[in-house]
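The next block holds one structure in the form of structure tokens; read it before the comments.
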Amino acid sequence: MSLLLDATPAVTPRPAQRRRRRSSIGRWAGYLLLAVASVAVLLPFYWMVVSSLKTNNEVFTLPVRWLPARPQWQHYLDIWTRSEMTTWLGNTVLLSVVVTLLQVFTGSFAAYGFAKIRFPGRDLLFLAYLGTLAVPWQSYMIPQFVLLSKLHLTDTRWSIIAIQAFGALGVFLMKQFYESVPDELIDAARIDGMSEFGIYRRIMLPLSTPALASLALITLVNTWNDFLGPLLYLRSSNLWTIQLGLRTFISQYNAEYALIMTGSVLSVLPIVVVFLLGQRYFVEGIATTGLKG
Amino acid sequence: MTVAGTSGVRRRSGRNTLLGWSFLLPNFLGFAVLTMVPVVLLFYYAFTTWDIFGGAEWTGLDNARQLVHDAGFWTAMRNTLYYTAFHIPLTLVVSLGLALLLNRRLRGVAFFRTVAFFPYIASIVAVAQVWNMLFSPGYGPIDAVLRAVGVDNPPGWTTSADWSMPAVILVGTWREMGYFMLIFLAGLQTVPGELYEAARVDGAGAWQRLRAVTLPGLRPTMFFVVVLLTVNSFKVLDLILVMTNGGPGQSTLVLAQYVYRKGFEENQFGYASAVSMVLFLLCFLVTVVQFVVNRRREA
């Protein structure tokens with residue numbers, strides 16, 4: 001499972017000669033389907049990038065132009081002066097990093113307690129954590145909002161940090177991993193006189209680097225792309241994230257198709273790069289838990 | 294472990310409780326205040342009337358009675374079920390199909406597995422905007438292609454009350470298929486290869502192998518995917534907000550958006566909580582029912 005994206009699929013070689021012809025037909029059908037699917041997945045992204053390089057009139061010319069007549073690179077310069085792109089990206093980076101650090105730290109810490117220390121009430125408590133994974137945030141966003149406004153945290157960055165950083169996801173993902181670490185290893189360390197905190201820091205953390213990377217990446221992507229949280233909580237435009245900023249930009253410049261696509265590319269690009277760099281961990285995290293924030 | 298007296302055991306368990314909680318505490322504090330308390334409060338607020346000023350006022354079943362006669366609520370419910378009824382089978386078939394295709398020894402498989410994931414990690418505002426432009430009636434590339442292949446009157450998509458929901462479902466499926474493909478791929482790795490060999494020796498064709506080996510082998514994965522897909526469909530909100538904002542008319546108004554409207558646009562926190570509770574119970578019920586059914590089938 002570890003190399004899900006690059007692994008060669010486990011197909012056993014076929015012994016019978018006579019199947020060869022049929023299998024080569026199947027192979028071509030496979031390629032054909034793959035080609036169709038690739039186009040269906042990638043076309044919107046291609047269209048987004050190409051449109052960002054067109055003039056506004058060119059975006060919707062018929063028949064569809066698949067390449068711009070003359071690439072308009074200046075959109076990628078203009079957008080910084082015509083929108084608050086710098087502020088939005090800065091806010092998004094700040095929030096994503098803080099949320100990720102908190103989630104990774106508190107999540108793995110709690111997961112150690114859940115996975116390796118036996119105490120009364122532990123399993124019941126974990127059930128409560130699990131239960132909230134089946135309950136969508138949309139169903140308790142109202143009381144949560146009321147609570148945070150009573151704490152005077154709405155319209156501050158703290159609200160986003162608070163609602164994103166303590167999810168059950170991190171605990172669940174890390175617990176899955178810690179349970180795969182043999183108890184004997186920990187018992188041995190205990191006998192050697194190492195404290196539980198020492199075991200967590202000096203044994204579990206180094207062992208779980210891949211799992212921590214998975215959690216960090218999933219959290220980072222979720223926070224970067226979160227639209228609803230900022231929509232409810234961030235009123236002041238100097239606090240907006242890229243998602244909120246982009247939406248306002250779209251309604252403000254609704255006829256500037258090319259520039260809107262430029263903004264869209266800029267909102268997607270950083271996360272695609274992060275994903276490509278760490279896709280192995282990202283995929284591993286999702287395959288082992290099948291969960292998202 | 295050595296034999297210990299009861300007092301020793303108790304002391305150890307007391308020490309462990311303290312230790313355990315010290316590990317849980319940083320996360321638990323946030324989790325309790327920001328998730329558990331709101332969930333409990335939800336069940337209180339749902340029985341209150343509350344506008345933005347003043348506090349919650351207990352009104353018992355008033356909200357429930359109002360819900361029953363609230364046409365907007367029923368429209369939202371119908372639309373949510375509409376979305377669910379098409380989003381689940383469509384995503385299931387597409388993501389399972391992709392997983393089966395990409396579980397084979399084909400050139401470019403690794404590349405495509407990566408690519409299939411892009412829609413899922415791309416920001417919803419950006420992809421919704423791109424799709425809205427692709428869908429635009431008259432000038433949009435999709436209608437242009439449809440006209441080119443002989444469809445005289447292509448649909449108006451997000452601007453038409455009949456086609457807005459199909460458009461949203463299409464984008465929702467496009468967005469989520471890579472994610473579920475991945476879960477299916479992980480599930481496929483657990484189906485033992487010998488079973489396929491045995492089926493082949495018995496002369497089973499590709500279709501029979503799929504029905505007799507692959508699908509039964511994927512049962513636990515399938516269960517998991519269906520639960521997730523159901524909950525995902527019930528809670529769909531951000532996609533709707535940015536693509537259609539519930540319109541045109543009320544053609545794409547869904548439950549989660551109704552909560553948002555009542556709560557954050559009309560400031561009726563009590564009534565919005567009552568709608569939330571319906572959403573909560575629906576998701577909870579679906580998960581429990583599917584869990585029980587799955588248990589029984591396994592037994």
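Same order as they appear, the protein sequences are chains A and B. Residue numbering for the first sequence follows the numbering used here, starting at 1 and increasing by one per position. Residue numbering for the second sequence follows the numbering used here, starting at 294 and increasing by one per position. A virtual CB, placed ideally from N, CA and C, is assigned to each residue, including glycine.
Would you mind reading off the limits of the alpha helix (DSSP H) that contains residue i?
i                 : result
GLN359 of chain B : 355-361
LEU399 of chain B : Counting along the chain, LEU399 of chain B falls outside any alpha helix (DSSP H), and DSSP gives it neither H nor E.
ASN372 of chain B : 364-395
ASN446 of chain B : Note, ASN446 of chain B: premise wrong, no alpha helix (DSSP H); not H, not E.
SER214 of chain A : 209-225
THR106 of chain A : 85-116
VAL330 of chain B : 330-338
ARG440 of chain B : 434-441
VAL423 of chain B : 417-428
GLY193 of chain A : No alpha helix (DSSP H) holds GLY193 of chain A; DSSP gives it neither H nor E.
VAL80 of chain A  : The sequence shown places Trp at residue 80 of chain A, not Val. Unbroken alpha helix (DSSP H) run through TRP80 of chain A: 75-82.
THR132 of chain A : 122-133
ASN56 of chain A  : 56-59
Can you tell me the Cβ-Cβ gap for residue i and residue j, rounded? I've got them flagged as a contact below 8 Å.
i                 : j                 : result
LYS528 of chain B : GLN144 of chain A : That belief does not hold up - the Cβ atoms of LYS528 of chain B and GLN144 of chain A are roughly 14 Å apart, past 8 Å.
ALA287 of chain A : ALA479 of chain B : 4 Å
LEU42 of chain A  : VAL408 of chain B : 6 Å
MET458 of chain B : THR545 of chain B : 5 Å
VAL535 of chain B : ALA421 of chain B : 4 Å
LEU530 of chain B : LEU228 of chain A : 6 Å
ASN320 of chain B : GLY121 of chain A : That pair is no contact at about 16 Å.
PHE577 of chain B : VAL135 of chain A : 7 Å
VAL265 of chain A : VAL49 of chain A  : 6 Å
GLY30 of chain A  : LEU399 of chain B : 5 Å
Hey, is residue i close to the ligand SAM, as in C-beta under 7 Å from one of its heavy atoms?
i                 : result
ILE160 of chain A : In the structure shown, the ligand SAM is absent, as is every other ligand, since no ligand is present at all.
Please check if any C-beta of chain B sits within less than 8 Å of the C-beta of residue i.
i                 : result
GLN252 of chain A : no
GLN279 of chain A : yes
ARG201 of chain A : no
GLU58 of chain A  : no
TRP47 of chain A  : yes
ARG190 of chain A : no
GLY193 of chain A : no
THR132 of chain A : yes
PHE177 of chain A : no
PRO63 of chain A  : yes
VAL221 of chain A : yes
PRO44 of chain A  : yes
GLU184 of chain A : no
THR106 of chain A : yes
GLN243 of chain A : yes
ASP91 of chain A  : As written in the sequence, residue 91 of chain A is Asn, which differs from the Asp given in the question. Answer no: the Cβ-Cβ gap between ASN91 of chain A and chain B never drops below 8 Å.
PRO120 of chain A : yes
Within the 8 Å Cβ cut-off, does residue i reach chain A?
i                 : result
LEU391 of chain B : yes
VAL420 of chain B : yes
PRO447 of chain B : no
TRP424 of chain B : yes
THR368 of chain B : no
PHE340 of chain B : no
ALA444 of chain B : Ala is not the amino acid found at residue 444 of chain B; the sequence shown has Val there. VAL444 of chain B does not count as touching chain A.
ILE417 of chain B : yes
PHE411 of chain B : yes
GLY556 of chain B : yes
ARG589 of chain B : no
SER457 of chain B : no
THR328 of chain B : yes
ASN320 of chain B : yes
Any contact of the stretch 340-349 of chain B with the stretch 147-165 of chain A, i.e. 3+ C-beta pairs under 8 Å?
-> no
Given 8 Å, three or more beta-carbon pairs between the stretch 270-288 of chain A and the stretch 205-223 of chain A | yes
Please specify which runs of the alpha helix (DSSP H), each continuous and at least 4 residues long, are wholly inside the stretch 496-581 of chain B, giving them in chain order.
-> 499-502, 512-527, 531-536 and 548-553
Complete runs of the alpha helix (DSSP H) confined to the stretch 458-499 of chain B [at least 4 residues] | Fully enclosed alpha helix (DSSP H) runs of 4 or longer: 486-494.
Chain D contacts from the stretch 136-147 of chain A (Cβ-Cβ distance under 8 Å) | Looking for chain D here will not work: the only protein chains present are A and B.
Below 8 Å, can you find three or more Cβ-Cβ pairs linking the stretch 437-451 of chain B to the stretch 305-323 of chain B?
-> no
May I ask you to verify whether the stretch 352-366 of chain B touches the stretch 560-573 of chain B, counting CB pairs closer than 8 Å and requiring at least 3?
-> yes
Which full runs of the alpha helix (DSSP H) of 4+ residues lie inside the stretch 147-186 of chain A, going along the chain?
-> Positions of the alpha helix (DSSP H) runs, each at least 4 residues long and wholly inside the stretch 147-186 of chain A, are given as 157-165 and 168-179 in order along the chain.
Report yes or no: do the stretch 52-70 of chain A and the stretch 229-245 of chain A share at least 3 C-beta pairs separated by less than 8 Å?
-> Verdict: no, contact absent.
Are the stretch 176-193 of chain A and the stretch 370-387 of chain B touching by the rule of at least three beta carbon pairs closer than 8 Å?
-> no
Say whether the stretch 258-273 of chain A touches the stretch 74-90 of chain A, bearing in mind that this needs 3 or more beta-carbon pairs closer than 8 Å, one atom from each stretch.
-> yes
Between the stretch 159-178 of chain A and the stretch 120-134 of chain A, do at least 3 Cβ pairs fall closer than 8 Å?
-> yes
Contact between the stretch 491-507 of chain B and the stretch 398-414 of chain B: three or more CB pairs below 8 Å?
-> no
contact_flag[the stretch 458-470 of chain B, the stretch 379-396 of chain B] where n(CB pairs < 8 Å) is 3 or more | yes
Quick one: any contact between the stretch 568-588 of chain B and the stretch 320-338 of chain B, if contact means 3 or more CB pairs under 8 Å?
-> yes
Inter-stretch contact (C-beta, 8 Å, three-pair minimum) for the stretch 200-208 of chain A and the stretch 246-256 of chain A = no
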